[in-house]
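Numbering follows the working numbering, with no gaps: position 361 of the sequence shown is 548. Even for Gly, the Cβ is constructed at its ideal location relative to N, Cα and C. Just so we're clear, the structure is a prediction, and the values are computed from it rather than from any experiment. This report refers to the structure that appears directly beneath it.
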Amino acid sequence: LTAKGGRTSHAAVVTRGWGIPCVVGCEEMRIDDKGKYFETESGVIVKEGERITIDGTTGNVILGKAPMLPPEITPEMKELLGWATEISELEVRANADTPEDARKAREFGAKGIGLCRTEHMFFGEGRIERMRKVIMAMNEKERRKALRELMFYQIEDFKKIFNEMEGLPVTIRLLDPPLHEFLPNPQELLEKVILLKIHKDFPSIREELMNRKEYRGIIEEILSRESEIMEEYERVKTLEEKNPMMGFRGCRLGIAYPEIFEMQVEAIMRAACSLKKEGREVYPEIMVPLTMHESEMKILRELIEEVAERVMREEGVRVHYTIGTMIETPRAAIVGDKLAEYSDFFSFGTNDLTQMTMALSRDDYGPIITQYLEKEILEEDPFFTLDLEGVGELIKICVEKSKGKVKIGVCGEHGGDPRSIRFFHEIGVDYVSCSPYRVPVAILSGARSTLESKRR
188 LTAKGGRTSH AAVVTRGWGI PCVVGCEEMR IDDKGKYFET ESGVIVKEGE RITIDGTTGN
248 VILGKAPMLP PEITPEMKEL LGWATEISEL EVRANADTPE DARKAREFGA KGIGLCRTEH
308 MFFGEGRIER MRKVIMAMNE KERRKALREL MFYQIEDFKK IFNEMEGLPV TIRLLDPPLH
368 EFLPNPQELL EKVILLKIHK DFPSIREELM NRKEYRGIIE EILSRESEIM EEYERVKTLE
428 EKNPMMGFRG CRLGIAYPEI FEMQVEAIMR AACSLKKEGR EVYPEIMVPL TMHESEMKIL
488 RELIEEVAER VMREEGVRVH YTIGTMIETP RAAIVGDKLA EYSDFFSFGT NDLTQMTMAL
548 SRDDYGPIIT QYLEKEILEE DPFFTLDLEG VGELIKICVE KSKGKVKIGV CGEHGGDPRS
608 IRFFHEIGVD YVSCSPYRVP VAILSGARST LESKRR
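The following block contains the structure:
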């Protein structure tokens, strides 16, 4: 339950993918950090530790623990989905970052993974520390050493996902978010730096704090990591951006620090080669994020091919792999024919494409969209149902320019919306990808769109 955000804010996307009920952008909720409670406009107070039950479908939040039933697909539903899959001309894949997600997606009828976000793999135990070593490295040699340690984790991650999706394509997006997201929270670091300064420069305050139990442990921990904290703080200041969404992320990271993408590609290919030797069928699709220019794709395609070919020579086995890009900037959509020269497939990241086209932050648009819907400026939430006249027109231009040259998919949240799916089918998109729990809806919507087009 969050006070801010929208349907496609990061928290909503991740929890939806994990199958966790979530209600975001609850504007009538006021959170008191110090008092550790939240209060609604009607005066209901919920304190830390109290239970609430969340219904992500209706948006209802219930005090206490309500009785629940686990979701399941009945035999009748499975049969219906089987019929729909046979009818539909639109393939349905799932967005999945873990083996558990992949397994669930396959159970629901997904025909592959349309988006595997590798950044989520770096937040696990033992991994975030190594990722921070990569970021804190003073030179390429240090960075490569830290990346080598991370690579073994990545190989195991990819092997598990390939295993679950044996015989089906798995689209893996190379590292996308800005590097500072892997470092500690800047505000928390600043607080620690202030405490260090107080401890050194203000003896009277230091003595008072050390006499207070709640501060003593914190200060002792900070003192034991003083140089590390100062280094992290300076690095965060260096990396912090005013507008990280349009900053140093995605393919720009791979161009500036090619060793990061090299490690990921090597991990993907070693995992695939290992399973191929065991007689498994694996189909990795390597996806470059946030391209806007064909020269970016040219540079990174050469890098990916060089690493992939080297790994296959060393492993003594060949794996069929493809290289593509996410189309999530307006320019990329307009110059799709040029990007297609260096791509085997496109996948529209409709969340970011909507955000950049409409100048609406998906993490802050809640109050805006409420007014725009009430005043009928917009008929639909553009992050839920695709804006056909604006964002949709960009996608259509790109499809028309590149159709026949590349396979075309959609991996934004619109891939699970029936009205958006109808549009994607009409313009010739090959597949959609959505969270595992929305796969059945996408399959049925694809079949319905196919039947409607045949009637016409």
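Comparing the CB of Gly602 with every heavy atom of the ligand GTP, is any distance shorter than 7 Å?
In the structure shown, the ligand GTP is absent, as is every other ligand, since no ligand is present at all.
Span separating the alpha-carbon of Lys485 from that of Glu472
17 Å
Identify every run of the beta strand (DSSP E) within the region 226 to 307, keeping only runs that are complete inside it and at least 3 residues long; order them along the chain.
232 to 234, 239 to 241, 248 to 250, 278 to 282, 300 to 304
Can you grab the Cα-Cα spacing for the pair Met151 / Phe610, in whole Å?
This structure cannot speak to residue 151, because the chain is shown only from 188 to 643.
Measure from the alpha carbon of Ile315 to the alpha carbon of each residue in Met338, Arg293, Asn326, then state which is nearest.
Met338
Of the residues Pro254, Ile455, Val597, Ser530, the one placed nearest Val494, counting alpha carbons only:
It is Ile455.
Check whether the region 629 to 640 and the region 205 to 218 touch, using three or more Cβ-Cβ pairs below 8 Å as the test.
no
Let me know if Pro569 comes out buried or exposed under the rule of 16 or more other beta-carbons within 10 Å of its beta-carbon.
buried
Hey, Tyr618 and Glu266 are a contact pair by Cβ (cut 8 Å); roughly how many whole angstroms apart?
That pair is no contact at about 23 Å.
Among Val628, Pro627, Glu613, which has the Cα closest to the Cα of Glu276?
Glu613
Which residues in the same chain have their Cβ closer than 7 Å to the Cβ of Lys252, if we skip the five residues on either side of it in sequence?
Arg238, Thr240
Within its chain, find whatever has a CB closer than 7 Å to the CB of Ala333; leave out the 5 residues flanking it on each side and keep chain order.
Arg317, Lys320, Val321, Ala324
Pairwise C-alpha distance: Arg330 and Met545:
38 Å
Would you mind working out which of Pro286, Val628, Glu468, Val357 sits nearest Gly596, comparing C-alpha positions?
Val357
For the alpha helix (DSSP H) that contains Arg217, what are its first and last residues?
Where Arg217 is concerned, there is no enclosing alpha helix (DSSP H), although the beta strand (DSSP E) it sits in stretches over 216 to 219.
With the cut-off set at 8 Å, would you say Ile564 and Gly193 are in Cβ contact?
no
Met479 (DSSP reduced to helix, strand or coil)
coil
Those runs of the beta strand (DSSP E) which lie wholly inside the region 593 to 626 and span at least 3 residues:
Complete beta strand (DSSP E) runs here, min 3: 594 to 597, 618 to 621.
Can you give me the start and stop residues for the beta strand (DSSP E) that Ser645 sits inside?
In the structure displayed, the chain extends from 188 to 643; residue 645 sits before or after that span and is not available.
Spatial neighbours of Leu268 in its chain, beta-carbon cut-off 7 Å, leaving aside the 5 residues before and after
Gly296, Pro627, Ile630
Can you tell me which residues form a DSSP beta bridge with Pro471?
Val357
Run of the alpha helix (DSSP H) containing Thr541, from where it starts to where it stops:
537 to 545
Bridge partners of Tyr224, per DSSP?
Asp219, Lys234
What would DSSP say about Lys590, mapped onto helix, strand or coil?
strand
Tell me which same chain residues have a C-beta within less than 7 Å of the C-beta of Thr272, skipping the five on either side of it?
Gly296, Ile630
Cβ of Arg304 within 8 Å of Cβ of Arg360?
yes
Burial state of His367 (16 or more Cβ within 10 Å):
Residue environment for His367: buried (at least 16 other C-beta atoms within 10 angstroms of its C-beta).
According to DSSP, Thr189 sits in a beta bridge with which residue or residues?
Thr189 is not bridged to any residue.
Cα-Cα, which of Glu419, Tyr529, Tyr552, Ile582 is closest to Leu490?
Tyr529
For the region 283 to 298 against the region 420 to 438, are there 3 or more C-beta pairs whose distance is under 8 Å?
no
Spatial neighbours of Glu600 within its chain, please: C-beta separation below 8 Å, excluding the five flanking residues on both sides.
Contacts found: Arg194, Thr195, Val200, Arg203, Thr537, Asn538, Phe570, Phe571, Cys621, Ser622.
Which residues in the same chain have their Cβ closer than 6 Å to the Cβ of Arg467, if we skip the five residues on either side of it in sequence?
Glu353
Separation of Ile381 from Ile416, as counted between CA atoms
Rounded to whole angstroms, Ile416 and Ile381 show a C-alpha spacing of 11 Å.
Should Ile249 go down as buried or exposed, given a rule of 16 or more other Cβ atoms within 10 Å for buried?
exposed
Taking 7 Å as the limit between beta carbons, can you name the residues of its chain near Leu376, skipping five residues before and five after?
Ile416, Glu419, Tyr420, Val423
Measuring straight from C-alpha to C-alpha, what distance separates Leu581 and Glu567?
18 Å
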